[in-house]
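A short worksheet on the structure shown next.
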């Protein structure tokens, strides 16, 4: 049985148009003969901005996420009922003859349950009862939730799930997320999971009686727009999947798993007819045998040793088992597949020039905290960023003025004072009197950070402008809806004659978003009165906070396309008004030594890309392009060279 796992997200208003057309997606799945596991959530994690929740939800009066809380449960039930109603209207559930064979409510709740106590358990029971009451006619599951109440099936997510047993003996053993790789964060390496180990994990799950496997991910994805969460999750969500985010097969992972599935399919009759009988063949070796009527016999021969192959005798026959591997014998005699023996050749990805040239390049310099007619907020003290922006933009200006006495020593040749800024995340660009003094960034593991730099002040009034930047909102953790973003620590001037001057509680002016955003510079129909700098001058300035636009024609052929942004710094990109996501040439730090497939896999075991930008290429769907005159817009935060930006083709050899 082939099945697609679908994760759903909900927004302020229901939008099922274009690439959000859920009904069309399910119909397509049905047309090609696949089945669906509909993972309604509505919390999905998925390294998605705010875990899939809309940010407006945190501002509902009295709300507390994912606990026994009336406002949250009301919103969750409304969304779940909406999706189920849509599916019923189109007769998509298997009970109606459709392709949906499973549905999921909640997601990976067990890690948060311990801190919630009785309210958490009440919430789980409520969610289960609510879901079952929708009468879909198909089973409901909860993944990573050990106390899922009947009839909900608790399931496993992980790199391995052979250790897992459901909470009742009459429930099937299900692996709802078999992790084919791992996500990537800006500044980190790109994790790779050897296919020998992934196949070993799947075969080991089956040999121990597992009945259902859904890969996460089987087809990599792209976090278009500002959908990537984390924070600091990359725009690419390739996940080292068998089919990459561009839709190209990755070998040998794709073919090796295909051969594994074919081998398991040959064992079908015995696997569904009996539980395994386990026999020790040595210190690290076992045979898991399944039988059915008329002498049908299936064997999985396993070598758990991480370094050494093993020779074993089974049914009076001799077999050699590579280290950390399982051989599958559909007739208990002949090996048709071994998880560590890879026959498929390794594919090599190439990013090749497309022949498409950028033309009509122009530049617009973003105003440094100059608001014009745009609305501002003035308040005493530092405000949390999302409370001001409501996540309508990644950017929030914090500006204030500080008066410096003419008698200050540093004005007569002394040491400049030092400005420090403490941020809860995720990045900040610092300007004083319009001059750029640098940037500072957090990381996914340590969102909080500090900026410190000497600054040149003058006698009288001085304008301090801090551009705080979000890099995706959190998607996992206890009550992540309460976590802060932006400059909520302290802002202090050090080294004045009077000592330190704390600016944190004086008046600050706030402006959500950039002037270029309010002018809609990303749109093909933006105001023609915008004063773009054109010609050779457009390519000369590499200062921070710069908008670039250029045009290009769609490359010939049908190969997938990407933007090569290695010459840029950090920012966002748009094609014909549609956001292809955040970009950042943050260089990867890590250990990219040799990788042995054998032994327990963890996300930091097999790393690649050390010393290179975590993500250099950014997926451009061909469906977004027209034959001629496609508009590319970049907003560059740090300073970059647009003359070296190019559109490339992705090919696999």
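Numbering (my numbering), first residue to last: 366 to 1018.
Glycine included, C-beta positions come from ideal geometry on N, C-alpha and C.
All of these numbers come straight from a predicted model, not from anything done at the bench.
- In this model, residue 767 and residue 899 are separated by some 37 Å (Cα to Cα).
- As the crow flies, the alpha-carbon of residue 399 is around 16 Å from that of residue 541.
- About 7 Å separates the CB atoms of residue 507 and residue 474; that is less than 8 Å, so the two are in contact.
- About 6 Å separates the beta carbon of residue 606 from that of residue 584, a gap short enough to meet the 8 Å contact definition.
- Rounded to whole angstroms, residue 409 and residue 491 show a C-alpha spacing of 18 Å.
- The straight-line gap separating the alpha-carbon atoms of residue 915 and residue 974 is approximately 29 Å.
- Comparing alpha-carbon positions, the option among 551, 511 and 927 lying closest to residue 533 turns out to be 511.
- In the structure shown, residue 491 adopts helical secondary structure according to DSSP, grouped into three states.
- In the three-state reduction of the DSSP assignment, residue 455 falls in the coil class.
- Per DSSP, reduced to three states, the secondary structure at residue 929 is strand.
- Per DSSP, residue 787 is one residue of the beta strand (DSSP E) stretching across 783-788.
- Scanning its chain for C-beta atoms nearer than 8 Å, with the 5 sequence neighbours on each side dropped, one finds around residue 536 the residues 518 and 519, in chain order.
- Between the C-alpha atoms of residue 434 and residue 412 there is a straight-line separation of about 24 Å.
- With a beta-carbon spacing of about 6 Å, residue 688 and residue 673 fall inside the 8 Å limit used to define contacts.
- Contact between the segment 811-818 and the segment 786-800 is established, with three or more Cβ pairs separated by less than 8 Å.
- If you look at residue 853, you'll find it isn't in any beta strand (DSSP E); DSSP assigns it neither H nor E.
- Between residue 553 and residue 955, the C-beta gap is smaller than 8 Å, which places the two residues in contact.
- Only exposed fits residue 826, as fewer than 16 other CB atoms lie within 10 angstroms of its CB.
- Beta bridge pairing from DSSP links residue 653 with 643 and 665.
- Relative to the Cα of residue 978, the nearest Cα in the group 438, 592 and 599 belongs to 599.
- For residue 874, the closest of 387, 888 and 761 by C-alpha to C-alpha distance is 761.
- For residue 565, the enclosing alpha helix (DSSP H) starts and ends at 560-572.
- If you ignore the 5 residues before and after residue 913, its C-beta comes within less than 6 Å of the C-beta of 728, 999 and 1007, all in its own chain and listed in chain order.
- Residue 616 places its beta carbon 8 Å or farther from that of residue 487.
- Residue 506 carries a strand assignment under DSSP once its states are collapsed to helix, strand and coil.
- Pairing residue 449 with residue 499, the inter-Cα distance amounts to about 7 Å.
- It is roughly 20 Å from the alpha-carbon of residue 559 to the alpha-carbon of residue 629.
- C-alpha of residue 637 to C-alpha of residue 469: approximately 24 Å in a straight line.
- A direct Cα-Cα distance of roughly 42 Å separates residue 996 from residue 523.
- Counting every other CB atom within 10 Å of its CB across the protein chains shown gives residue 952 a total below 16, marking it as exposed.
- Taking C-alpha positions only, residue 625 is separated from residue 573 by approximately 16 Å.
- A direct Cα-Cα distance of roughly 24 Å separates residue 619 from residue 958.
- In its chain, beyond the 5 residues on either side, 664 and 700 have a beta carbon closer than 6 Å to the beta carbon of residue 694.
- In the displayed model, residue 624 falls within a helix according to three-state DSSP.
- Within the segment 982-1016, the complete beta strand (DSSP E) segments of 3 residues or longer fall at 982-985 and 995-1001, listed in chain order.
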